[in-house]
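For the sequence shown, counting from 1, position 208 maps to 190 in our numbering; every step adds exactly one. C-beta: ideal position from N, C-alpha, C; glycine also. Keep in mind the model is a prediction, meaning the values are calculated, not measured. Some notes on the structure that comes next.
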Amino acid sequence: PQQGNVLFGSALDGWAFDLATFARLYQGKLEGVTDSCALLEGLWGDYFYSPRRKAIESGASEKGRKPLFVQLVLDNLWNIYGLVEARDETKLRSISERCGVVQNARDLRHADGRVPVRNLLSGWLPIERSLLGAICSVVPNPTGISEAKAERLLCSRLSDFASYPVETKELKSDIMRCDPASDRLIVFVSKMFPIEQGAMAGAKDTLERLVKNLSLTGDGDAVAGEGEIFLAFARVYSGTLRRGARVFVLGPKYDPRTMADDPDTSANPHLVEVEIDSLFVLMGRQLEPVESVPAGNIIGIGGLQNVVLKTATLSSTRFCPPFVDLPLIATPILRVAVEPRDIQNMPRLVRGLKLLNQADACVEVRVQESGEHVLLTLGEVHLERCIKDLQETYARIELNVSKPIVPFKETIVPFVPTSEENPEEEIAKDREKDKTVTLQTPNRQCTMKLLAVPLPAEVVQLLNENENVLKAYFQHQDTKQSDCPQALLDSIVELRKKLEQLLPDSVPYDRIWSFGPKKCGTNLLVNRTDFVHSSVWHDAVVSLNEADQKDPRMPYESAFLNGFQMASLAGPLCDEPMQGVCFIVERWELDMTIGVDVAIVASHGPLSGQIMSAVKEGCKKAFQNQPQRLVHPMYSCNITVNSDVLGKYRTYAFVLPVNYAETCKSIWETQL
């Protein structure tokens, strides 16, 4: 609050202020306090004014004194609101005059006592002046974008800006200048939002054109409900956006570096050319149609609901990369399955979920392999709002909503002795057990031996933290090393170093064959056979000689890896993803001298499919040879309170049942 980026106020009554407002008001009125900066600092925190010492001191709560903010700000506001019940016309007129607000006798005698109070506060501390002043003083100037921020907008942390074409690099200066005269147009759409058609009362022609375009595209259901249309909330970074202009909509997977190899982008699914149908200046709840909008402004764009899902980048040049998505304030954690009560309304539910996904940036919609439509929200209140919007606005059908789904993961743990008398003996017996699994394919041509071991918690945490790094890294797996961004390579090198330190000796980091599931999970496949394969690390590619390339197992490597990916994606306990499991391949042999049985091929498929199935089942059996556990999520947060509200204990732990999941617990930890 001392920095001016926090406003206190009431939108209902139309007033707002920052700390600087009252610091200026009381400057010179507190005896002994002449420095406005000291008064501004004292207005927030555990400070009070001491008339005896004529100074602002700390420790208001310990000394039983009112904080300065309560004494100078909240008490005055509370007294003004107290006049609603008192109906003291004389006092209201007196306070209004001292605040420089003129109120007529009719307002002072209004039947609703809140009317004169609302007029007083909105005239004394108008919300529009406070809000606009804070925006001008706190929000960065559009023409003052730094070079680092411009590069951050054009490429992610794991990308290398130097690898972009020259035409792309030139866009950085356009963004920094925020030049409306630039020929290179750049616009970023941060979200799609529904509006009432009544807000476009002054733009009847535009409204009719939007509705007509929806019907022409054959997606008339894109109108959220009767009286609602979707607009794009966007900011112009460079150039001037004009109505009727043709621009490119850049998808999140579009890469301008592909322009050098294939200038023809007509077949590129991540690049769509559209015409700007309408432009609006956002005037509160009203929309003012305009013909053009220069750089530096925030606008509403009509006609993009069929090509933009949530966010997008618009540009007049195909060399512009898509902007990095804005980070979410919170991650959706509460998930439910939804279905229509009448199965014939399934198409309406699908369209409604699509519209809800567009309208709410914090919602995620997924379709499970079972065909269920799952809705992910931030919490119970958010879920209730989303279900209400689906039923009343976007889908307009009755829904069946499941109980909240708790996502589980499957893992294995080290052996824990149950005997308190001879734990060492139990551990010794467990070590003597052979926990490996040996399998053969149905045609007996392939034999494999697998062992599952638990990974240390530090390794699991490290892989979780680097999930995005691994995901981006394997997207470059088919490219040359020089094409991989240097920042990404540095992250991979750092990950390798940490894995080398944290992995046990039985799991050599340089023998890692794959990560799973989806090549970026917390499970490892380690090869300890004589089979030579390319390293999972880019900068340590094993050069395969002629003998290695003639290895009969080489054509079936992808089948082996796919079997591991399938097993790590759905474990044996309840078909949930695995976590923290390392599968060690101790033997993999092929005997091609055994003849091919036509009947086996007909029932089990070719050898590649048999290997995939055998690896999948072998991993699950090796998993079951170890102590198994289910991992479920825990919600934890820290609560900070004053020491006077606590008893003799300084730390409390509360385990509270969450309404939306009986098996899930919330842990609240308070630490002082």
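Contact check for D17 against P49 fails: the beta carbons are separated by 8 Å or more.
Annotation for R225: no beta strand (DSSP E) segment contains it, and DSSP assigns it neither H nor E.
Taking a C-beta distance under 8 Å as the contact criterion, G553 and P436 do not qualify as a contact pair. Taking C-alpha positions only, E39 is separated from G46 by approximately 13 Å. Contact annotation: L103 and I77 have beta-carbon atoms that are not nearer than 8 Å. DSSP places H458 outside any alpha helix (DSSP H), giving it a letter other than H or E.
S32 is bridged by DSSP to A37. By alpha-carbon distance to S172, the top candidate from L213, M158 and V52 is L213. Taking C-beta atoms as the reference points, R493 and N509 count as a pair closer than 8 Å. Counting only residues of its own chain and dropping the five nearest sequence neighbours on each side, K73 has a CB closer than 7 Å to the CB of L65.
Contact between L421 and E599 holds, since their C-beta atoms are separated by about 7 Å, short of 8 Å. In the structure shown, the three-state DSSP call for C344 is coil.
Fully contained in the stretch 364 to 408 are the following beta strand (DSSP E) runs of length 3 or more, in chain order: 381 to 383 and 391 to 394.
The distance from the Cβ of V383 to that of V318 is about 5 Å, consistent with a contact at the 8 Å cut-off. Setting aside the 5 residues that flank it on each side, R330 is surrounded in the same chain by D203, P322, A377, R378 and I379, each with a C-beta closer than 8 Å to its C-beta; the list follows chain order.
Counting C-beta pairs with one atom in each stretch, the stretch 108 to 118 and the stretch 282 to 289 have fewer than three that are closer than 8 Å, which means they do not touch. If you check the CB distance, V231 and A294 come in under 8 Å. For the pair M560 and T393, the CB atoms are nearer than the 8 Å cut-off. The Cβ atoms of G(-9) and F4 lie no closer than 8 Å to each other. For G282, the enclosing beta strand (DSSP E) stretches over residues I280 to G284.
Contact annotation, F301 with E149: C-beta distance approximately 4 Å; criterion of less than 8 Å satisfied. A2 sits in a helix when the DSSP states are folded into three classes.
Annotation for N101: Q85 and D89 place their beta carbon closer than 6 Å to its own, counting only its chain and skipping 5 residues before and after.
Of S220, F175 and G233, the smallest CA-CA separation from E210 is found for F175. Taken atom to atom, the span from the alpha-carbon of F262 to that of Q592 is near 60 Å.
When the beta-carbon positions are compared, S112 and D156 stay at least 8 Å from each other. When the five nearest sequence neighbours on each side are left out, the beta carbons in the same chain lying within less than 6 Å of the beta carbon of L445 are those of T504, in order along the chain.
Taking C-alpha positions only, K151 is separated from F143 by approximately 8 Å. Under the DSSP assignment, N101 falls in the alpha helix (DSSP H) whose first and last residues are R96 to W106. In the DSSP assignment, W60 falls within the alpha helix (DSSP H) that extends over D57 to A68. Bounds of any beta strand (DSSP E) do not take in N123, whose DSSP letter is neither H nor E. In summary, K36 is exposed, with fewer than 16 beta-carbon neighbours lying within 10 Å of its beta-carbon over all protein chains present. Across the structure, E406 and V567 are spaced so that their CA atoms are roughly 29 Å apart. Counting only runs that start and end inside the stretch 582 to 617, the beta strand (DSSP E) elements of at least 3 residues fall at 610 to 613.
A distance below 8 Å separates the beta carbons of S260 and R225.
In this model, G278 and P124 are separated by some 5 Å (Cα to Cα).
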